[in-house]
Amino acid sequence: REAKAYANGRASAPRQATGAMPSLRDAKVESRWIEGRVVGNRYIEGHFEYIITEPTRWSDQ
Numbered sequence: 015r016e017a018k019a020y021a022n023g024r025a026s027a028p029r030q031a032t033g034a035m036p037s038l039r040d041a042k043v044e045s046r047w048i049e050g051r052v053v054g055n056r057y058i059e060g061h062f063e064y065i066i067t068e069p070t071r072w073s074d075q
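Using the numbering used here, read the sequence shown as starting at 15 and increasing by one per residue.
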């Protein structure tokens, strides 16, 4: 009885996928230099801002 239940469980278990996992394409990032500036009574130093223009995606291949 236990052997039959075990065999039924193995038969219904998910199968391991075959083939290669698709690769990810890198995100496209744009960098902008922001000049130093005074905002109210604070000084914000010049710095880079990075904007993701195209997110990471799965490769079509």
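We put the CB at the ideal spot given by N, CA and C, even for glycine.
Everything numeric in this text was worked out from a predicted model, so none of it was measured.
- In the three-state reduction of the DSSP assignment, R15 falls in the coil class.
- DSSP places S26 within a helical segment (H, G or I) once states are collapsed to three.
- Between I65 and E49, the gap from beta carbon to beta carbon reaches 8 Å or more.
- The beta carbon of I58 sits closer than 6 Å to the beta carbons of R51 from its chain, once the five residues preceding and following it are set aside; these are given in chain order.
- When the Cα atoms are used, P36 and D74 turn out to be separated by approximately 8 Å.
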